[in-house]
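As structure tokens, the structure follows; a few thoughts come after it.
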Amino acid sequence: MPTTTDGEAKGCTFQWKIENLCHRWWEKKGEGIESPVFIADALGKTKWTLWLYPMEEENENNIAIYLQREEDCSGPDIIEASYQFAFLGKDGSILKEKTTWRKKFSKDDNWGFAAFEGRERVFVTEREAFLPEDTLTVQCTLWITNPKPDKSNHLFATTVIKVKRRYFVWRIDKRSNRESDVRSKFRDYLIRCNLFLLKNLDQLCIHLSGLDDSIRYISCNVSIIDSEERRENCGIQKYFVDDLRKAPLQFILANFSKKWKENKGRYFPNDVLSLDFEFVLLTIEHSDCRENSVKLENEVFGNAKSQNTAVLTDDLYSLYNDGMFSDMELRTSTKTFHVHQNILSARSCVSSMFQSDREEVDTLNPDFDDDS
């Protein structure tokens, strides 16, 4: 982590950008967002973080903010410092600020404001000023001299709140062994999901484990896909930060069988039960603390580009996996793949040859060898 080297600086200014703050729907009262750690060289190389609470625990109409001295911090056991919090506009202008003089910080101690600013002003009435591009810029200046020094070392960091979705369809043959449980699993770098359909298809058990540390919220929505490809909700489960600490997580849809037993012909077309799973995951990811804001902005842009690419990849995978709006089938001697002609044409000059015949047929069904 970089530290400052200019001996003339008598203070430290830490600027923290929080992107996609509109995704705060996941939060509960008293749920905080922690900044990356920063080191204040001018204050004896002490280590600090900021905590922002978009919904203060005692009064949900307030935004709270606190300065935390880290427990694994160098320097004296107690340090006396003054600090100023500010919310900044897009041009760097101060929209809101409060200053506290000469507070004593022990290691693992914090001070701040439970009512720094009203939520309505930031998120509603003056949203465009406080949240340009849905980004809140928080600034904290620390110093130990009196009066406040003219020169401070500047550090910059970014926290990005991301919403990620995972979709998959589980198809169960009605003729499966009804004497034992039917099982399936879904895994990626964020979660591991094990599914158990208890014998006689009476109960659905969902078991989540291997949760990534960046996850702050998960919801799981389960639906049945009927004979007309319509999705009917069977139940939804939501987990917040406190719940995630208790992982592994498990929930059971106890009345699961009631829906499909009412109309087996509708929910078992071709003797296959199709279950649709949608996971919504909210993650919080941080950049490292840096001295150079230009470098940081360039890296954030690069990260955003990579992030958008990853989201697009997920969406395309879901489109293929679910077979939604498929207008073409690729067939081998053993399998049939429901695909999308426009995507194939864009990705392959070979596939684009089917375009000239498109007006003559409603569905294309080219056959390929298994090793194509």
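The letter at position 261 of the sequence shown is residue 261 when you use full-length UniProt numbering, and the numbering goes up by one with no holes. Glycine included, each C-beta is placed from N, C-alpha and C at the ideal position. The model shown is predicted, which means the values in this text are computed figures rather than measured ones.
Three-way DSSP call (helix, strand, coil) for residue i in this model
{"i": "Ser257", "result": "helix"}
{"i": "Gln203", "result": "coil"}
{"i": "Tyr66", "result": "strand"}
{"i": "Cys22", "result": "helix"}
{"i": "Arg192", "result": "strand"}
{"i": "Lys104", "result": "strand"}
{"i": "Arg127", "result": "helix"}
{"i": "Gly7", "result": "In this prediction, Gly7 has a pLDDT of 46, which is less than 50 and means its spatial position is unreliable; what the coordinates show is noted afterwards. In this structure, Gly7 counts as coil in the three-state DSSP scheme."}
{"i": "Ile144", "result": "coil"}
{"i": "Asn221", "result": "strand"}
{"i": "Val37", "result": "coil"}
{"i": "Lys264", "result": "helix"}
{"i": "Leu88", "result": "strand"}
{"i": "Asn270", "result": "helix"}
{"i": "Phe230", "result": "Residue 230 is actually Arg in this sequence, not Phe. In this structure, Arg230 counts as coil in the three-state DSSP scheme."}
Other residues of its chain near residue i: CB distance less than 6 angstroms, five sequence neighbours each side excluded
{"i": "Ile33", "result": "Leu52"}
{"i": "Gly89", "result": "Leu95, Ala129"}
{"i": "Ser35", "result": "Trp16, Thr49, Leu50"}
{"i": "Thr283", "result": "Lys162, Ser214, Ile215"}
{"i": "Ala115", "result": "Asn62"}
{"i": "Asn194", "result": "Lys185, His207"}
{"i": "Phe14", "result": "Phe38, Cys140, Leu155"}
{"i": "Glu262", "result": "none"}
Contact set for residue i: own chain, Cβ-Cβ below 8 angstroms, skip 5 residues either direction
{"i": "Glu360", "result": "Because Glu360 sits at a pLDDT of 33, beneath the cut-off of 50, its placement in the model cannot be relied upon, and the point is left open."}
{"i": "Arg231", "result": "Ser223, Ile224, Ile225, Asp276"}
{"i": "Ser74", "result": "Gly44, Lys45, Thr46, Lys47"}
{"i": "Asp188", "result": "Arg166"}
{"i": "Ile236", "result": "Ser219, Cys220, Asn221, Val222"}
Cut-off 7 angstroms between Cβ atoms - residues of its own chain near residue i, not counting five sequence neighbours on either side
{"i": "Leu211", "result": "Ile191, Leu244, Ala247"}
{"i": "Ser209", "result": "Arg192, Ala247, Pro248"}
{"i": "Leu67", "result": "Trp48, Leu50, Tyr83, Asn110, Trp111, Gly112, Cys140"}
Beta-ladder partner(s) of residue i, from DSSP
{"i": "Phe251", "result": "Ile206"}
{"i": "Val280", "result": "Arg165, Ser219"}
{"i": "Phe113", "result": "Ile65"}
{"i": "Arg290", "result": "Phe156"}
{"i": "Ala81", "result": "Lys103"}
Check: Could you give the uninterrupted runs of the beta strand (DSSP E) lying entirely in the segment 146-185, keeping only those of 3 residues or more?
Finding: 152-173
Notebook entry, point to check: Touch check for the segment 56-64 and the segment 158-170: three-plus C-beta pairs under 8 angstroms?
Noted result: no
Notebook entry, point to check: Using 8 angstroms as the Cβ pair cut-off and three pairs as the minimum, do the segment 243-253 and the segment 116-136 touch?
Noted result: no
Check: Counting pairs of Cβ atoms below 8 angstroms between the segment 70-89 and the segment 135-152, do you hit three or more?
Finding: yes
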